[in-house]
Amino acid sequence: GDSVTQMEGPVTLSEEAFLTINCTYTATGYPSLFWYVQYPGEGLQLLLKATKADDKGSNKGFEATYRKETTSFHLEKGSVQVSDSAVYFCALGHIIQGAQKLVFGQGTRLTINP
Amino acid sequence: DGGITQSPKYLFRKEGQNVTLSCEQNLNHDAMYWYRQDPGQGLRLIYYSQIVNDFQKGDIAEGYSVSREKKESFPLTVTSAQKNPTAFYLCASSMKGGSNQPQHFGDGTRLSIL
Chain A
1 GDSVTQMEGP VTLSEEAFLT INCTYTATGY PSLFWYVQYP GEGLQLLLKA
51 TKADDKGSNK GFEATYRKET TSFHLEKGSV QVSDSAVYFC ALGHIIQGAQ
101 KLVFGQGTRL TINP
Chain B
1001 DGGITQSPKY LFRKEGQNVT LSCEQNLNHD AMYWYRQDPG QGLRLIYYSQ
1051 IVNDFQKGDI AEGYSVSREK KESFPLTVTS AQKNPTAFYL CASSMKGGSN
1101 QPQHFGDGTR LSIL
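These protein sequence lines are chains A and B, in that order.
Here the numbering used here is used: the first residue of the first sequence is 1, the next is one more, and so on.
Here the numbering used here is used: the first residue of the second sequence is 1001, the next is one more, and so on.
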């Protein structure tokens, strides 16, 4: 079945450091790919998405490129801020029996120190 | 503002008791979903509904029940048959369509056993 694997956390960085959170997936067909962010005590917020191969999703300085050849969707940001501290989830979206199903990775906790 | 409202934010259940978690959306979305989140894990799908008066089991439906009598509402009942109900429960909704439709999440309900 479909699956998503994220790099193990927690990840701790200093402010203004470069961020990469790895995400790889296994899926049949052509899923859409998403990154969601979860702040403490809250639900998930969509950060960015890409719907086909070579698409780049971007938002708030974060970027991820849909790489079909390596089945990856790594999240990057050039200069992180303390406010970026959160848990990040990679997910793929697929239509199964007519319904959209999201499959999530286990999440990566990111802490940014001033 | 449009969004998804989950209530209550915190809920306590006694042994052998059923409890119902509320989820209401005013986004005019057709599809609604319930997920369970355990510490350090990704989200797992409990139930989903694409249209009123219809719903399907997700990956971990045992011990849970839902109803979809109105487009805006998708309550989840955690029954006494669910032996390990302590978790963070998230409701989501999306427009119908392809796998590229993102899901929008509420802020969650944290359920604990007394």
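Think of the CB as a built atom: it goes at the ideal place given N, C-alpha and C, for glycine as much as any other residue.
(request) Determine which residues of the region 83 to 96 of chain A have a Cβ less than 7 angstroms from any Cβ of chain B, and write them out in chain order. (result) F89, G93, H94 and I95
(request) Starting from the Cα of B/G1098, find the closest Cα among A/A17, A/P40, A/S3 and A/G29 and give me that residue. (result) On the second sequence, position 98 is the one that residue 1098 of chain B refers to. Answer by Cα proximity: A/G29.
(request) Show which residues of chain A have a CB atom less than 9 angstroms away from the CB atom of B/P1075. (result) Within the second sequence, residue 1075 of chain B is the residue found at index 75, counting from 1. Within 9 angstroms Cβ-Cβ: nothing; B/P1075 doesn't reach chain A, min ~17 angstroms.
(request) Could you run through the region 1010 to 1040 of chain B and flag, in chain order, every residue whose CB is less than 9 angstroms away from some CB of chain A? (result) A1031, Y1033, Y1035, Q1037 and G1040
(request) Would you identify the three-state DSSP class for B/S1080, choosing helix, strand or coil? (result) Translated into positions along the second sequence, residue 1080 of chain B becomes position 80. Three-state result, B/S1080: coil.
(request) Name the residue from A/A91, A/S72 and A/Q100 whose alpha carbon lies nearest to the alpha carbon of B/S1094. (result) The residue you call residue 1094 of chain B lines up with position 94 of the second sequence. It is A/Q100 whose Cα lies nearest to the Cα of B/S1094.
(message) Classify A/T108: buried if its beta carbon has 16 or more other beta carbons within 10 angstroms, exposed otherwise.
(response) Position 108 of the first sequence holds residue 108 of chain A. A/T108 should be labelled buried.
(message) I need the DSSP call for B/S1067, collapsed to helix, strand or coil.
(response) As a working note, residue 1067 of chain B is residue 67 in the second sequence. DSSP places B/S1067 in coil when its eight states are reduced to three.
(request) On the DSSP bridge assignment, give the partners of A/Y25 in chain order. (result) Along the first sequence, one-based indexing puts residue 25 of chain A at 25. Bridge partners of A/Y25: A/V4.
(request) For A/F18, count neighbouring Cβ atoms within 10 angstroms of its own Cβ and tell me buried if that reaches 16, exposed if not. (result) Counting from 1 along the first sequence, the entry for residue 18 of chain A is found at position 18. Label assigned to A/F18: exposed.
(request) Would you list the one or two residues that DSSP bridges to B/S1004? (result) For the purposes of this step, residue 1004 of chain B is taken as residue 4 along the second sequence, with counting starting at 1. Going by the sequence as given, residue 1004 of chain B is Ile instead of Ser. According to DSSP, B/I1004 bridges with B/Q1025.
(request) Sort A/P40, A/L33 and A/D55 by Cα distance to A/L46 and report the nearest one. (result) As a working note, residue 46 of chain A is residue 46 in the first sequence. Cα-wise, what sits closest to A/L46 is A/L33.
(message) By the DSSP assignment, the beta strand (DSSP E) with B/Y1048 in it spans what residues?
(response) Position 48 of the second sequence, counting from 1, holds the residue named residue 1048 of chain B. Here the beta strand (DSSP E) through B/Y1048 covers L1043 to I1051.
(request) Name, please, each residue of chain A whose Cβ falls closer than 7 angstroms to the Cβ of B/Y1048. (result) Along the second sequence, one-based indexing puts residue 1048 of chain B at 48. Simply A99.
(request) Taking only beta carbons into account, state which residues of the region 1 to 33 of chain A come closer than 7 angstroms to chain B, listed in chain order. (result) P31 and S32
(request) Please report how far the alpha carbon of B/Q1041 lies from the alpha carbon of A/I95, in whole angstroms. (result) Taking the first residue of the second sequence as 1, we reach residue 1041 of chain B at position 41. Taking the first residue of the first sequence as 1, we reach residue 95 of chain A at position 95. Between B/Q1041 and A/I95, the C-alpha separation is close to 23 angstroms.
(request) May I have the straight-line CA-CA distance separating B/V995 from B/L1045, to the nearest angstrom? (result) Lying before the first or after the last residue shown, residue 995 of chain B is absent from chain B, which here runs from 1001 to 1114.
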